[in-house]
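Student: Last residue of the sequence shown: number 507 in our numbering, and the count goes up by one each step with no gaps.
C-beta atoms are modelled at their ideal positions from N, C-alpha and C, and glycine is treated no differently.
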Amino acid sequence: MEITEASRRRIVVVLVLSALITVSYMLLWVFARDVVASETRPGYVEFENSFPLADTWLLVCLLGAMFSLLARRPSALFWLLAGGGAGVYLLCIDSLYDIENGIWWLPGGAGVLELGINLTTLVVSVGLLRWAWRRRSTLSAS
Numbered sequence: 366m367e368i369t370e371a372s373r374r375r376i377v378v379v380l381v382l383s384a385l386i387t388v389s390y391m392l393l394w395v396f397a398r399d400v401v402a403s404e405t406r407p408g409y410v411e412f413e414n415s416f417p418l419a420d421t422w423l424l425v426c427l428l429g430a431m432f433s434l435l436a437r438r439p440s441a442l443f444w445l446l447a448g449g450g451a452g453v454y455l456l457c458i459d460s461l462y463d464i465e466n467g468i469w470w471l472p473g474g475a476g477v478l479e480l481g482i483n484l485t486t487l488v489v490s491v492g493l494l495r496w497a498w499r500r501r502s503t504l505s506a507s
């Protein structure tokens, strides 16, 4: 499947927005936790504190995909698949915790924010994987 300039631009925009959201969430967690925290229990805080390294890997993948797509490098396929896979993995860990601890159903909107983050992660991650896999021959030949 060919990669049109419009398609390439759309994916780059998704990658940039995803990177900005990831960095924003990480900064809010460190400097304004009450804005993004769904819970205040010690177990929840410990759980969320375990994400920065994995989130940083996701960020590296998003930026690697963006730069390699813009430069039309074959490594774009790797970075897109690695980023999509990292997003799915983080989604699975986060969603299971949320389901087991009733986070999505908390009053006051905190759970809805968490559910929104999870659904967005699902759509973006699967979307990146699907887009890259369908264009793997073209990407690897870049």
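Label R500 either buried or exposed according to how many other C-beta atoms from any shown protein chain fall within 10 Å of its C-beta, with 16 as the threshold for buried.
Tutor: R500 comes out buried.
Student: If you draw a straight line from the C-alpha of L435 to the C-alpha of C426, how long is it?
Tutor: Each residue's alpha carbon lies about 14 Å from the other.
Student: Find out if the Cβ-Cβ distance for the pair T387, L423 is shorter than 8 Å.
Tutor: Cβ distance < 8 Å, so T387 and L423 count as in contact.
Student: So the candidates are G476, V395, L493; which of them puts its Cα closest to the Cα of S372?
Tutor: Residue L493 is the option with its Cα nearest to S372.
Student: Using alpha carbons as the reference points, say which of I376, S415, T369, I368 lies closest to V489.
Tutor: Minimum Cα distance to V489 is reached at I376.
Student: Could you say if the stretch 390-400 and the stretch 446-462 meet the contact criterion of at least three C-beta pairs nearer than 8 Å?
Tutor: No, the stretch 390-400 is not in contact with the stretch 446-462.
Student: Considering Cα atoms alone, identify which of T486, N466, A506, I368 is closest to S440.
Tutor: Closest by alpha carbon: A506.
Student: Should A451 be labelled buried (16 or more other beta-carbon atoms within 10 Å of its own) or exposed?
Tutor: Classification for A451: buried.
Student: Would you mind sorting N483 into buried or exposed? The rule is 16 or more other CB atoms within 10 Å of its CB.
Tutor: Label assigned to N483: buried.
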